[in-house]
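S.K.: Quick mapping for you: the protein sequence lines, in order, are chains S and D. So for the first sequence, my numbering puts the first residue at 10; every next one is plus one. So for the second sequence, my numbering puts the first residue at 23; every next one is plus one. This structure is in structure tokens; I'll ask about it shortly.
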Amino acid sequence: MTITIDNSTAPAVDEEHLLAALDHYWNQEWTDGLPVVPVTESYLAEFLAVVDRDPNEILFTITHLNRHMTVRLAAINAAMAGCKPEYFPVVIAAWEGIAKEPHPRRGIWQSTTGTAPFLVVNGPVREELEINSRGNIFGSGFRANATIGRAIRLGCINVFGLHPHKLDQATQGTPAKYTSVIGENEEQSPWPPLHTEFGYEATDNVVTTFVIRSVIHIEARHSMEPEQLALDFVDTICRTGALIHEYTSALLVLVPEHAELFANAGWSKDDLRNFVFEHATRRRSALAAVGKDALSHKSRWRLPAAHPDAMPDTASGTDDPDNVRLLSHPTSVQIMVAGANNAGVSAVVEVFTLNPPREIPCSTSKIGG
Amino acid sequence: MAMTELLLDPTGMEEGAQDSTLSPRPVSLKGLTIGLLDNTKPNATLLLEEIGRLLQRHYGAGESKLYTKDYFGTPAKDELLDRIADEVDFVITAVGDCGSCSAASVADGILLERRGIPTASITSDSFLPSGEAMARVMGFPGFDFYAVKHPVASLSSEEIKDRAQTALPELLRILGVEE
């Protein structure tokens, strides 16, 4: 049998001209390594037309670099990333969220730590723009997720000069640096959506911005007890390799099946958060075994007690010095639902922030307002 | 053929002014007050004080004043830079041995040069490209600084003295010292 594909509706292009445009971006180092969409003044105008913002308005500044992300530059980079013009309000909200985060403006994206921005989208805009919140949320294949996150990366590279091997000195970085945007699977969650915890209405469209290290999967396909499942999350949150500061923070991305298990047992999000907080401890001997049982009096990073810069951690001064808490607040754990309702595979997203003083490890901004 | 349009620059860099003028070089360090700008990274104080001693002993430099940044990852605050520019004749700043602090040490050097103070910034050689990229972002491409051999943080005080000795000719060249 022969299958004939009708190709008559495909556009004809001037290949040489097209490649010359793409080469221009590569030669100027205006890309993340992948081809970008060529952007002219008239295509830019389509992006600026969907928002009621002054093109020269500054969305985010890194003062010590003397560089500013304006609405116009955000739009050029969003268009290059492959965004549709109607995605642009989400990109603006993302930059506004990044501006509220404490680390990006202090140079964290020049750092060896190699963190990435991580964006969660809530509200009806997920359906309107087809932002994926179900299967393969951390994978590829969805234009809105792929290009909104990439708009941020290209902005970092082009506007702030954060080129790898140059101003971006990430030792290893993370695949999330290409793009990392997920929607919450609100429709298959037993709990109120993430943004309503921060005072927004469920009908509001909101971007929640995190700065992250890693995304780690939790395989728990056969769990039946909420305590067992919660302890599986706790074990990953408390892994010693993640410990840089005294305390850590995490975003739990639960699949619908896991969220249902908790909800059916009568657990609210706060019940899960408090359980994780209480159990997120390590014995001092376990921390000593990996050389992280004290803090540097200079940086407050974890290091061995024998190090010349070492000082005791907070737990050392309590009634139970051998039981070291690794979370400073219950709210260091944020909880949302995303992924397909087809297996018990969730994720812990390791959030990079400083707590104390931060009790909430993320920032929010309303889309289109 | 359809009408064509030019591709847009996504960096906004064309708006940034360039200012790559160095402050006047001192030629000799005799009697000049040394500013040592410590970014709080491990061994920075030791390295700077050793360099200060060598400049006094062998080049007749005057007293040295030690200043400390409150955060290594960003350039020193304007008030501190103004105070340094007011109190000393030239500056050594160290040690950029991480992604953000290496760039910040180079930025400190450029900001002090623009205040008229000859400055030699020291980063570790692992972060040479970060310092160079910072200089471009600051509108001072090609700004000269010294890249000390990595590592610095884990060295003993004897090893730090060796690093200071090795650095000396390059620091003198950057400062424009001829005698």
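Backbone N, C-alpha and C fix where the C-beta goes; we use that ideal spot for every residue, glycine too. All of these numbers come straight from a predicted model, not from anything done at the bench.
Can you tell me where the alpha helix (DSSP H) with VAL243(S) in it begins and where it stops?
M.R.: Position 234 of the first sequence, counted from the first residue, corresponds to residue 243(S). It spans 235-246 - the alpha helix (DSSP H) in which VAL243(S) sits, taken as one unbroken run.
S.K.: Leaving out five residues before and five after GLY300(S) in sequence, what residues of the same chain have Cβ atoms less than 6 Å from its Cβ?
M.R.: For this step, residue 300(S) is matched to residue 291 along the first sequence. The beta carbon of GLY300(S) sits closer than 6 Å to those of PRO313, all from its chain and outside the five residues before and after it, given in chain order.
S.K.: Put LEU312(S) into one of helix, strand or coil per three-state DSSP.
M.R.: In the first sequence, the residue the question calls residue 312(S) occupies position 303. In this structure, DSSP gives LEU312(S) an extended state, which the three-state scheme calls strand.
S.K.: To the nearest angstrom, report how far apart ASP63(S) and HIS316(S) are at their CA atoms.
M.R.: Here residue 63(S) refers to the residue found at position 54 of the first sequence. Here residue 316(S) refers to the residue found at position 307 of the first sequence. Going by the C-alpha atoms only, they are around 53 Å apart.
S.K.: Going by CA-CA distance only, name the one from ILE132(D), ASP41(D), ALA157(D), PRO173(D) that's closest to ALA66(D).
M.R.: Sequence index remark: in the second sequence, residue 66(D) carries index 44 (1-based). Sorting ILE132(D), ASP41(D), ALA157(D), PRO173(D) by C-alpha distance to the C-alpha of ALA66(D) places PRO173(D) at the top.
S.K.: Examine the Cβ distances between the region 82-90 of chain D and the region 183-195 of chain D and report whether three or more of them are shorter than 8 Å.
M.R.: no
S.K.: CB-CB under 8 Å to SER42(D), same chain, minus the five flanking residues each way: which ones, in chain order?
M.R.: The sequence position of residue 42(D) within the second sequence is 20, counting from 1. Leaving aside the five residues that flank SER42(D) on each side, the residues in its chain whose CB is nearer than 8 Å to its CB run, in chain order, GLY161, PHE162, PRO163, GLY164, PHE165.
S.K.: Tell me whether PHE112(D) sits in a helix, a strand or coil according to DSSP, three-state version.
M.R.: By 1-based counting over the second sequence, the position of residue 112(D) is 90. DSSP places PHE112(D) in strand when its eight states are reduced to three.
S.K.: Using the three-state DSSP reduction, which class does SER63(D) fall into: helix, strand or coil?
M.R.: Mapped onto the second sequence, residue 63(D) falls at position 41. Per the sequence presented here, residue 63(D) reads as Lys, with Ser not at that position. Reduced to three states, the DSSP call for LYS63(D) is coil.
S.K.: Would you mind telling me which residues of chain S sit closer than 9 Å to ALA28(D), beta carbon to beta carbon, in chain order?
M.R.: The sequence position of residue 28(D) within the second sequence is 6, counting from 1. Note on identity: in this sequence residue 28(D) is Leu, with Ala being the wrong assignment. Neighbours of LEU28(D) on chain S, chain order: THR49, GLU50.
S.K.: Is there a C-beta anywhere in chain S that falls below 8 Å from the one on PRO46(D)?
M.R.: Locating residue 46(D) in the second sequence gives position 24, counting from the first residue. With 8 Å as the cut-off, PRO46(D) does not count as an interface residue toward chain S.
S.K.: When the Cα atoms are used, what is the spatial distance from THR327(S) to PHE169(S)?
M.R.: As a working note, residue 327(S) is residue 318 in the first sequence. As a working note, residue 169(S) is residue 160 in the first sequence. Roughly 44 Å between the two C-alpha positions.
S.K.: If you drop the 5 nearest sequence neighbours on each side, which residues of the same chain put their C-beta closer than 7 Å to that of VAL113(D)?
M.R.: Here residue 113(D) refers to the residue found at position 91 when the second sequence is read from its first residue. Excluding residues within five positions, the ones whose Cβ falls inside 7 Å are GLY57, LEU59, ILE106, LEU134, ILE139, THR141.
S.K.: Can you pull out the residues from the region 73-106 of chain S whose beta carbon lies closer than 9 Å to at least one beta carbon of chain D?
M.R.: Flagged, chain order: HIS73, LEU74, ASN75, ARG76, HIS77, MET78, THR79, ARG81, LEU82, ILE85, ASN86, ALA88, MET89.
S.K.: Contact check, GLU359(S) vs ALA272(S) under 8 Å by CB: the rounded distance?
M.R.: The sequence position of residue 359(S) within the first sequence is 350, counting from 1. The sequence position of residue 272(S) within the first sequence is 263, counting from 1. Their Cβ separation, rounded to whole angstroms, is 25 Å, which puts GLU359(S) and ALA272(S) out of contact at 8 Å.
S.K.: Taking 8 Å as the limit between beta carbons, can you name the residues of its chain near ALA295(S), skipping five residues before and five after?
M.R.: Taking the first sequence and counting its residues from 1, the one referred to as residue 295(S) is at position 286. Cβ within range, chain order: THR249.
S.K.: Could you check whether the Cβ of THR62(D) sits closer than 8 Å to any Cβ belonging to chain S?
M.R.: Locating residue 62(D) in the second sequence gives position 40, where the first residue counts as 1. So yes, THR62(D) belongs to the interface.
S.K.: Take every Cβ of the region 120-131 of chain S, pair it with every Cβ of the region 43-53 of chain S, and state whether three or more of those distances are shorter than 8 Å.
M.R.: no
S.K.: Less than 8 Å between the CB atoms is what I'm expecting for ARG114(S) and THR72(S), so what's the real figure, rounded?
M.R.: As a position in the first sequence, residue 114(S) is number 105, starting the count at 1. As a position in the first sequence, residue 72(S) is number 63, starting the count at 1. The pair is a contact, with the Cβ atoms about 7 Å apart (cut-off 8 Å).
S.K.: Could you tell me whether the Cβ of HIS172(S) comes closer than 8 Å to any Cβ of chain D?
M.R.: The residue labelled residue 172(S) in the question sits at position 163 within the first sequence. Chain D, which has a Cβ nearer than 8 Å to the Cβ of HIS172(S), makes this yes.
S.K.: Using a 10 Å radius around the Cβ and a threshold of 16 neighbouring Cβ atoms, would you call ALA19(S) buried or exposed?
M.R.: Within the first sequence, residue 19(S) is the residue found at index 10, counting from 1. Counting Cβ neighbours within 10 Å, ALA19(S) comes out exposed, since fewer than 16 surround it.
S.K.: With DSSP as the reference, label GLU287(S) as helix, strand or coil.
M.R.: Along the first sequence, read from residue 1 onward, the residue named residue 287(S) stands at position 278. In the structure shown, GLU287(S) falls within a helical segment according to DSSP collapsed to helix, strand and coil.
S.K.: Checking contacts by CB at 8 Å: is VAL159(D) closer than that to chain S?
M.R.: To locate residue 159(D), count along the second sequence from 1; it is residue 137. Taking Cβ atoms only, chain S reaches closer than 8 Å to VAL159(D), which makes this a yes.
S.K.: Roughly how many whole angstroms lie between the Cα atoms of ALA268(S) and PRO330(S)?
M.R.: For this step, residue 268(S) is matched to residue 259 along the first sequence. For this step, residue 330(S) is matched to residue 321 along the first sequence. The alpha-carbon atoms of ALA268(S) and PRO330(S) are separated by roughly 34 Å.
S.K.: Give me the DSSP bridge partner(s) of GLN343(S).
M.R.: Taking the first sequence and counting its residues from 1, the one referred to as residue 343(S) is at position 334. Bridge partners of GLN343(S): LEU260(S).
S.K.: For VAL190(S), count neighbouring Cβ atoms within 10 angstroms of its own Cβ and tell me buried if that reaches 16, exposed if not.
M.R.: Residue numbering aside, residue 190(S) sits at position 181 when the first sequence is read from its first letter. Buried is the call here.
S.K.: Using the DSSP secondary-structure output, state which residues sit across from ARG334(S) in a beta bridge.
M.R.: Indexing the first sequence from 1 puts residue 334(S) at position 325. ARG334(S) is bridged to THR290(S).
S.K.: For a quick check, are the C-beta atoms of ASP322(S) and LEU304(S) less than 8 Å apart?
M.R.: Position 313 of the first sequence, counting from 1, holds the residue named residue 322(S). Position 295 of the first sequence, counting from 1, holds the residue named residue 304(S). The answer is yes: Cβ separation under 8 Å.
S.K.: For PRO151(D), go through chain S and note every residue whose CB falls closer than 7 Å to its CB, in chain order.
M.R.: The residue given as residue 151(D) occupies position 129 in the second sequence. Residues of chain S passing the Cβ test: HIS174, LYS175.
S.K.: To which residues does DSSP link TYR81(D) through a beta bridge?
M.R.: One-based indexing of the second sequence puts residue 81(D) at position 59. DSSP lists no partner for TYR81(D).
S.K.: Mind checking who THR43(D) pairs with in its DSSP beta bridge?
M.R.: Taking the second sequence and counting its residues from 1, the one referred to as residue 43(D) is at position 21. Answer is none; THR43(D) lacks a bridge partner.
S.K.: Go ahead and pull the three-state DSSP assignment for TYR187(S).
M.R.: Mapped onto the first sequence, residue 187(S) falls at position 178. In the structure shown, TYR187(S) sits in coil (DSSP, three-state: anything other than H, G, I, E or B).
S.K.: Report yes or no: do the region 145-156 of chain S and the region 228-237 of chain S share at least 3 C-beta pairs separated by less than 8 Å?
M.R.: no
S.K.: So which of ARG76(S), PRO202(S), THR122(S), GLN178(S) has the shortest CA-CA distance to ARG135(S)?
M.R.: Reading the first sequence from its first residue, position 126 is the one you call residue 135(S). Checking every option, the nearest Cα to that of ARG135(S) belongs to PRO202(S).
S.K.: Considering just the uninterrupted stretch of the beta strand (DSSP E) at ILE227(S), what are its terminal residues?
M.R.: Position 218 of the first sequence holds residue 227(S). Start and end: 215-228.
S.K.: Between ARG292(S) and the rest of its own chain, which residues show a CB-CB distance below 8 Å, the 5 nearest in sequence each way excluded?
M.R.: For this step, residue 292(S) is matched to residue 283 along the first sequence. Result list for ARG292(S): ASP331, ASN332, VAL333, in chain order.
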